[in-house]
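First up is the structure itself, then whatever we jot down about it.
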Amino acid sequence: MISKMINFSSAITICVALFAAQGGAQTLINGAGSTFDYPAFTKWFEAYGSVDANVRFNYQSIGSGAGQKLLLNQTVDFGASDAPMKDEALAKAPGKILHLPIVAGGVAIIYNLPGDPKLRLDGDTLANIYLGNITSWKDPKIAALNPGVDLPDTAIIPIHRADGSGTSFIFTDYLSSINTPWSDTVGRGSSVKWPAGIGLAAKGSEGVAGQVKQLPGGIGYAELAYADQNKIPFADLKNEAGRFIPPAPDSVSAALATAKIPEDFRFSMVNAPGENAYPICGASWVLLYQIPKNADNGAKLVAFLKWAVTEGQKISPSLDYAPLPSEVQQRELTLLDTIK
Amino acid sequence: MNYDNQIDAPQSTESHWGDHAFKWLTLAMALSIFLLVFLIGFELSKGSKPALEKFGWHFLTSSDWDPVNDIYGALPFIYGTLVSSLIALVIAVPISIGTAVYLTELAPLWLRQPLTMFIELLAAVPSVILGLWGIFVMVPFLRDHLFPWLQKHLGFLPFFKGPIYGVSMLAGGIIVAIMIIPIITSVSREILRSVPGLQREAAYALGATRWEVTRIAVLSYARKGLFGAVILGLGRALGETMAVTMVIGNTPQIVQSLLAPGYTLASVIANEFNEATGDLYPSALFAIALALLGLTVIVNIIAQILLKTFAGPSVKPQH
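Rendered as structure tokens:
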């Protein structure tokens, strides 16, 4: 029902665009999907005005799932999603859909302890906290990772997202890749069946951050930008190379540079092998058809995306996104050239 | 005679036409309500078909909600919706009816208007604002003061056992109570105001005290209407989404403790619909919506039966 309403509203915007096009030969490109990408798109749309003033964008940040749905219905020119599309969904599409990584970001582990000590954690400990096997901050496993830190004997309250979210996908993807009991019992997804009776769920990143701030002993996860802006302490995470790395645009870029990226760009970048790579991070993709339904819009969209994956990346760090490494940029430009 | 006819004939046809048009127009409006409900039901059934075909009645009795493995059951959400609404009614009904009685029977005239205005102001507070207030003001207060007190004095009851997080089924019930108090109060006040003055005068004439007048002549006379006011509040409580989502803890579980987090039907739709991909997952959320619609209808039918059984034909004053 919601998607129908969206169809309807985009139909209206398309009509409005047609009128506008008659006046000033403007092109309106419609997109929908991930809320994680929304701040980047907003900045880019504005900055792109000085490159090509005749293109206007309408992006609805209604969630990755809805973005995929609208792209499959060919209601929008492009979709944006925090998780790559599944094979079943791609099989249903009326044409070949391309995945184009557009931004990458880290997920920070935030916590509330007296005195705000700097913590070090690893994936196995995190998984056991969220599985309910580690229940106190004084647990020997946490103490072993944090020599010299005075840990209180308070209960750990793990907090997770209640709403379906790309952030949850990255977090559970990471735990699944590290901890076998986690991947067997919970798995990865934008919503998962969290272990029963352990901790709390909050709506949105602001909800998770709010609960962590309020509850002594709380631990949670949120996009780096969120933790940064709200001045909540976050942990250094042990990466594949055995080093403890804080989340930052640099360490996420380092992860991107060393992650294995296949031909179709559907990849997971958690626990990347780089020396300086932060382990809990993920990319977000722009989804578009190789043969666009509307050729004019398609050409304008490709021009914009070529700009976004190169020039646009310079804006990324100011929004706490990691810029795409130049090697990845080149590969994406090659992919964009295949669009008719 | 001739003159009269000339005047009468066009006039009567005209009013005849007007009457007809008016009748059909209002009929069309009334039917549009049926059409709307029918369309909503139809869309929901259509959307929920894949999930219901796969799980059948088991969907309503299973407690498993696992989007990763595509297994869906609605029981914890149905439980959460019913319990949070029940808590809300237990808190809101005495406060609302008490306020309405005070406003119509006891309050000095100069106080009635400002108090009524405040109640209507409370009704106008958007749900999401109440939810934010709930997270940042109400929940910390409950966690640090009310809940520890409840646990200390009533901890022997299973309802108040377990760890205290603040966000909980009880917090959800309290926020819903705050939201339905204005509705129940406003409707109850209108109903009590419509009790004829003769009723009261007759009771006073028999030597009744103020309390007896209120009880015998007013409340008992108006009980059917008051019951209707409560049902209106209940309808709102069952469907309330944003504020509840923010304070209930969003954990699909069935536990006795009211201090533990819960989940409602409306909340799970609001939380998960955006990111629901695949075929079965969105369909399961449609089925949740259908369950909510069904629950509302069943609760209303039960309310109608209760009304017929207990309230009786009290509208006609026979005492």
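Keeping their order, the protein sequence lines are chains A and B.
Quick note on the numbering used here: the first sequence kicks off at -14 and runs consecutively.
Quick note on the numbering used here: the second sequence kicks off at 1291 and runs consecutively.
Think of the CB as a built atom: it goes at the ideal place given N, C-alpha and C, for glycine as much as any other residue.
Uninterrupted alpha helix (DSSP H) stretches inside the stretch 1474 to 1543 of chain B (no shorter than 4 residues): Considered as a whole, the stretch 1474 to 1543 of chain B harbours 1487 to 1495, 1510 to 1529, 1532 to 1537 as its complete alpha helix (DSSP H) runs of no fewer than 4 residues, in chain order.
Using a C-beta cutoff of 7 Å, does residue 75 (chain A) count as contacting chain B? no
Spatial neighbours of residue 138 (chain A) within its chain, please: C-beta separation below 8 Å, excluding the five flanking residues on both sides. 121, 122, 123
Counting only beta-carbon separations shorter than 7 Å, does residue 123 (chain A) have a partner in chain B? So, not an interface residue.
Report buried or exposed for residue 7 (chain A), applying the criterion of at least 16 other Cβ atoms within 10 angstroms of its Cβ. At residue 7 (chain A) the pLDDT is 47, less than 50, meaning the model places this residue with poor confidence; the figure from the coordinates comes in the next sentence. Burial call: exposed.
Residue 1331 (chain B) versus B:1502, B:1440, B:1578, residue with shortest Cα-Cα distance: Taking only the C-alpha atoms, the option nearest residue 1331 (chain B) is B:1578.
Would you give the residue range spanned by the alpha helix (DSSP H) that residue 1410 (chain B) belongs to? 1399 to 1413
Tell me whether the beta-carbon of residue 1489 (chain B) lies closer than 7 Å to the beta-carbon of residue 1455 (chain B). no
Which residues mark the beginning and the end of the beta strand (DSSP E) in which residue 331 (chain A) is found? Only positions -14 to 325 of chain A appear in the structure, and residue 331 (chain A) is not among them; the question remains open.
Residue 1482 (chain B) versus residue 1377 (chain B): straight-line alpha-carbon distance, rounded: 25 Å
What three-state label does DSSP hand residue 1357 (chain B) in the structure shown? coil
Put residue 92 (chain A) into one of helix, strand or coil per three-state DSSP. Strand at residue 92 (chain A).
Within this structure, are the beta carbons of residue 213 (chain A) and residue 67 (chain A) separated by less than 7 Å? Going by C-beta atoms, residue 213 (chain A) is not nearer than 7 Å to residue 67 (chain A).
At a CB-CB cut-off below 7 Å, which residues of chain A make contact with residue 1543 (chain B)? 181, 182
Other residues of its chain near residue 1405 (chain B): CB distance less than 7 Å, five sequence neighbours each side excluded: 1393, 1397
Does any CB atom of chain B fall closer than 7 Å to the CB of residue 147 (chain A)? Residue 147 (chain A) counts as touching chain B.
Quick one: is residue 1463 (chain B) near chain A, going by C-beta distance under 7 Å? So no, residue 1463 (chain B) is outside the interface.
Let me know the secondary structure DSSP gives residue 1352 (chain B) once reduced to three states. In the structure shown, residue 1352 (chain B) sits in coil (DSSP, three-state: anything other than H, G, I, E or B).
Output yes or no for whether 7 Å exceeds the beta carbon distance between residue 1461 (chain B) and residue 1432 (chain B). yes
Thinking residue 18 (chain A) and residue 64 (chain A) are a contact (beta carbons under 8 Å), I'd like their distance in whole angstroms, please. Between residue 18 (chain A) and residue 64 (chain A) a beta carbon distance of about 5 Å is seen, short of the 8 Å cut, so the two are scored as contacting.
State the DSSP-derived secondary structure class of residue 283 (chain A), mapped to helix, strand or coil. helix
Contact list for the stretch 190 to 204 of chain A against chain B, Cβ threshold 8 Å: 192, 195, 196, 199, 200
I want to verify the contact list: residues of chain A whose CB lies under 8 Å from the CB of residue 1535 (chain B), in sequence order. Chain A residues near residue 1535 (chain B): 147, 188.
Would you mind stating whether residue 1564 (chain B) and residue 140 (chain A) have Cβ atoms separated by less than 7 Å? no
Chain A contacts made by the stretch 1567 to 1580 of chain B, where a contact means CB separation under 9 Å: Those residues of the stretch 1567 to 1580 of chain B that come within reach of chain A (Cβ to Cβ, closer than 9 Å) are 1567, 1568, 1569, 1571, 1572, 1576, 1579.
Any chance you could list the beta strand (DSSP E) runs of at least 3 consecutive residues sitting entirely within the stretch 43 to 130 of chain A, in chain order? 63 to 66, 82 to 96
Mind checking if residue 1237 (chain B) is an interface residue toward chain A, Cβ cutoff 7 Å exclusive? Summary: the structure shown does not reach residue 1237 (chain B), with chain B confined to residues 1291 through 1609, and so no result is reported for it.
To the nearest whole angstrom, what separates the beta carbons of residue 1526 (chain B) and residue 1473 (chain B), a pair I think is in contact under 8 Å? 6 Å
Out of A:290, A:204, A:240, state which residue places its alpha-carbon closest to the alpha-carbon of residue 96 (chain A). A:204
Identity of the residue in B:1478, B:1583, B:1572, B:1550 nearest residue 1451 (chain B) by Cα: Ranking B:1478, B:1583, B:1572, B:1550 by Cα distance to residue 1451 (chain B) puts B:1550 first.
Under DSSP, the alpha helix (DSSP H) around residue 33 (chain A) begins and ends at which residues? 23 to 33
Beta-carbon neighbours of residue 1455 (chain B), restricted to chain A and to distances below 8 Å: 142, 185, 200
Would you say residue 175 (chain A) reaches chain B, if we count a Cβ-Cβ gap shorter than 7 Å as a contact? Interface criterion met: the Cβ of residue 175 (chain A) is under 7 Å from a Cβ in chain B.
Considering Cα atoms alone, identify which of A:157, A:71, A:197, A:31 is closest to residue 336 (chain A). Limits of chain A in this structure are -14 at one end and 325 at the other, which puts residue 336 (chain A) out of reach.
When the Cα of residue 232 (chain A) is compared with those of A:45, A:76, A:105, which residue comes out closest? Closest in C-alpha terms to residue 232 (chain A), from the list A:45, A:76, A:105, comes A:105.
Can you tell me the Cα-Cα spacing of residue 1381 (chain B) and residue 1387 (chain B), whole angstroms? 11 Å
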